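Step one of this worksheet: look at the structure below.
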Amino acid sequence: QECLVKEISALIRNSNAQQIANRLSLSTSDSSKKLFLDSLATKSYQAALSECERAMSDDWAEVVCHCVFAAQRKRAGQWSEACTHQESAVEAFLRVFKSLNRIFVPVLKALILDLRRLAAQADRALRQSGNAEDANKLEGAGRVLRKCLAQEMKDEENPPPVSRTWAALYVANQCNQVFFSLNTLKHVKSLVLPGQMAVEEFPLPDRITWSFFQGRMALLDGQLDKAETDLSFAFNNTPPTHISNRRRVLIYLIPVRLMLHQARPGPGRRAGVPTEEMLARYRLPQFAALARAFREGHIGDFDQALEDHQEFLVRKGVYMLLHRLKLLVYRNLFKRAHAVVRHTHPTQVKLEVFVCAVRACRVTADQEQVECMLANLIHQGLVKGYIAHKQQVVVLKKDDPFRTNP
Numbered sequence: 016q017e018c019l020v021k022e023i024s025a026l027i028r029n030s031n032a033q034q035i036a037n038r039l040s041l042s043t044s045d046s047s048k049k050l051f052l053d054s055l056a057t058k059s060y061q062a063a064l065s066e067c068e069r070a071m072s073d074d075w076a077e078v079v080c081h082c083v084f085a086a087q088r089k090r091a092g093q094w095s096e097a098c099t100h101q102e103s104a105v106e107a108f109l110r111v112f113k114s115l116n117r118i119f120v121p122v123l124k125a126l127i128l129d130l131r132r133l134a135a136q137a138d139r140a141l142r143q144s145g146n147a148e149d150a151n152k153l154e155g156a157g158r159v160l161r162k163c164l165a166q167e168m169k170d171e172e173n174p175p176p177v178s179r180t181w182a183a184l185y186v187a188n189q190c191n192q193v194f195f196s197l198n199t200l201k202h203v204k205s206l207v208l209p210g211q212m213a214v215e216e217f218p219l220p221d222r223i224t225w226s227f228f229q230g231r232m233a234l235l236d237g238q239l240d241k242a243e244t245d246l247s248f249a250f251n252n253t254p255p256t257h258i259s260n261r262r263r264v265l266i267y268l269i270p271v272r273l274m275l276h277q278a279r280p281g282p283g284r285r286a287g288v289p290t291e292e293m294l295a296r297y298r299l300p301q302f303a304a305l306a307r308a309f310r311e312g313h314i315g316d317f318d319q320a321l322e323d324h325q326e327f328l329v330r331k332g333v334y335m336l337l338h339r340l341k342l343l344v345y346r347n348l349f350k351r352a353h354a355v356v357r358h359t360h361p362t363q364v365k366l367e368v369f370v371c372a373v374r375a376c377r378v379t380a381d382q383e384q385v386e387c388m389l390a391n392l393i394h395q396g397l398v399k400g401y402i403a404h405k406q407q408v409v410v411l412k413k414d415d416p417f418r419t420n421p
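Residues 16 to 421 (the working numbering) make up the sequence shown, in order.
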């Protein structure tokens, strides 16, 4: 039963941080670890701690003891207790980490990743058992993670190549995971990275995750150009084999590109409307009908697709953005209606033509409503022309009236 403790003690003496992380991680399990966890069922925390202290320093003993107790409680389905032990393990490791350097970053990463996952699971279990008022474990984990990030910014003892600061972006990403899960987005903006390192200096996987969250935040703030830049970086640098991660990015990148490409088309801008092949590859059927209706300018199908997938789109936080696309769907519809009559009426189109087009899409609308929609499109620069109200005619510019080109 003492094999696990002796093994970890030897790894600590040899500074084998990656193996320490593997042994402490809640996702690993082998015979020696199972034996030790079995022994904890009849052992108090203090007794187990004394056993660990005989093999290593007091702080390391706390880290190891809390980690194995977290694993034992997790195995027993006692999620809240497991989370409490994991939180204590992180706190204890932060005390150790102050005197260490970049070599031990893998241990920190393993501990805080397990903490976030345990906290989320503990809150789910509490809500399912009818104790929703006590479901605050993820919030507590967020506080520990912010404390952890603050410590990463204070490494003035080690030179840059071996500084603990290299973990800062990973910790910040874990903070973002928590804040987005809790919808406490004000904390996202308050995250401060170490001034001594630029984001470009951190490992690429951490930069990809950081860009993903920065892109989502920019999307919520209405900064669509920044959102496209950050989300495109995340998507393009995620390996093509990582389908699930690329799918997560596309859920936000697709609406952004639809808005930008259709509102401000240009030769350098990527195509805004996703293909059916791409949506099938990344398992995003929720966007298939939307994209088709958007491309065809079918306002009735667009409304139906929004309604059919409302729960998914609201949960992902993109429903309102997609709802804003409705104006562009009308623009695409009016463009198709104009294409039908342009050979006989290239620049002057009766308002009734557009009214009939709207009604053909199973949308109830009178002439005044359609005129209002056209006026809005003209005001926003999405249609070039003006409305002759008395004549009930839309006068369009000869040159690209529906802004197909930049």
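By construction, the Cβ of each residue, glycine as well, lies at the ideal position given by its N, Cα and C atoms.
Just so it is clear, the structure is predicted and the values come from calculations on it, not from any experiment.
Query: Residues in the same chain with beta-carbon distance under 8 Å from R88, minus the five sequence neighbours each way, listed in chain order, please.; Result: W94, E96, A97, H100
Query: Quick check: is any heavy atom of the ligand ADP less than 6 Å from the C-beta of N146?; Result: The model on display carries no ligand, and the ligand ADP is accordingly not part of it.
Query: Are L126 and A104 closer than 7 Å when you measure CB to CB?; Result: yes
Query: Can you give the Cα-Cα distance for F119 and K241, rounded to whole angstroms?; Result: 34 Å
Query: Helix, strand or coil for A308, going by three-state DSSP, please let me know.; Result: helix
Query: Flag this pair as yes or no: are the beta carbons of K152 and A137 separated by less than 7 Å?; Result: yes
Query: Using the rule of at least 16 other Cβ atoms within 10 Å of the residue's Cβ for burial, across every protein chain shown, is S30 buried or exposed?; Result: exposed
Query: Taking the DSSP output, what are the residues bridged to K410?; Result: The question names Lys, yet the displayed sequence has Val at residue 410. For V410, which the question treats as bridged, DSSP gives the partners Q363, Y401.
Query: Just to confirm, are G315 and V355 a CB contact at a threshold of 7 Å?; Result: no
Query: Which one of F250, M212, H404 has the shortest CA to CA distance from E171?; Result: M212
Query: Mind checking whether L275 and E243 have CB atoms under 7 Å apart?; Result: yes
Query: Whole angstroms is fine: what's the gap from V249's alpha carbon to P361's?; Result: Checking the displayed sequence, the identity of residue 249 turns out to be Ala instead of Val. Near 44 Å, if we compare the C-alpha coordinates of P361 and A249.
Query: Residues in its own chain within less than 6 Å of L184 by CB, not counting five upstream and five downstream?; Result: F217, D221, W225
Query: Have a look at D236, N146, L55, E106 and flag the residue whose alpha-carbon is nearest the alpha-carbon of G155.; Result: E106
Query: Can you tell me which of the three DSSP states H257 falls into?; Result: coil
Query: With C-beta atoms as the reference, is A320 less than 7 Å away from L305?; Result: yes
Query: Can you tell me whether DSSP reads R179 as helix, strand or coil?; Result: helix
Query: Could you say which of F112, Q382, A403, N391 lies nearest to V344 if we only look at CA atoms?; Result: N391
Query: Thinking C-alpha only, which one of F112, L268, F369 is nearest D74?; Result: F112
Query: Determine, using beta carbons only, whether L411 comes closer than 7 Å to chain C.; Result: Annotation note: the requested chain C is absent from the structure, which comprises a single protein chain.
Query: So L19 and F51 are supposed to be a Cβ contact under 8 Å. How far apart are they, rounded?; Result: 4 Å
Query: May I have the straight-line CA-CA distance separating L39 from L397, to the nearest angstrom?; Result: 58 Å
Query: Could you tell me if E326 is buried or exposed, where buried requires 16 or more neighbouring beta carbons within 10 angstroms of its beta carbon?; Result: exposed
Query: Reducing DSSP to helix, strand and coil, say where P218 ends up.; Result: coil
Query: If you draw a straight line from the C-alpha of F108 to the C-alpha of A165, how long is it?; Result: 14 Å
Query: Expressed to the nearest angstrom, what Euclidean distance is found between the alpha-carbon atoms of S205 and R161?; Result: 10 Å
Query: If you draw a straight line from the alpha carbon of Q189 to that of S46, how long is it in whole angstroms?; Result: 31 Å
Query: To the nearest angstrom, report how far apart P282 and R28 are at their CA atoms.; Result: For P282, the pLDDT reaches just 49, beneath the cut-off of 50, and the residue's location in the model is therefore unreliable, although a value from the coordinates is still provided. If you take the alpha carbons of P282 and R28, they lie about 59 Å apart.
Query: Where do the ends of the alpha helix (DSSP H) carrying S54 lie?; Result: 46-55
Query: C80 to A63, Cα distance in whole Å?; Result: 7 Å
Query: Measure the Cβ-Cβ separation of V370 and H353 and say whether it is below 7 Å.; Result: no
Query: Measuring only the C-alpha atoms, how far is F309 from F317?; Result: 7 Å
Query: Would you list, in sequence order, the uninterrupted beta strand (DSSP E) runs of no fewer than 3 residues that lie entirely inside the segment 317-400?; Result: 363-365
Query: Taking Cβ to Cβ, would you say P121 is nearer than 7 Å to A32?; Result: yes
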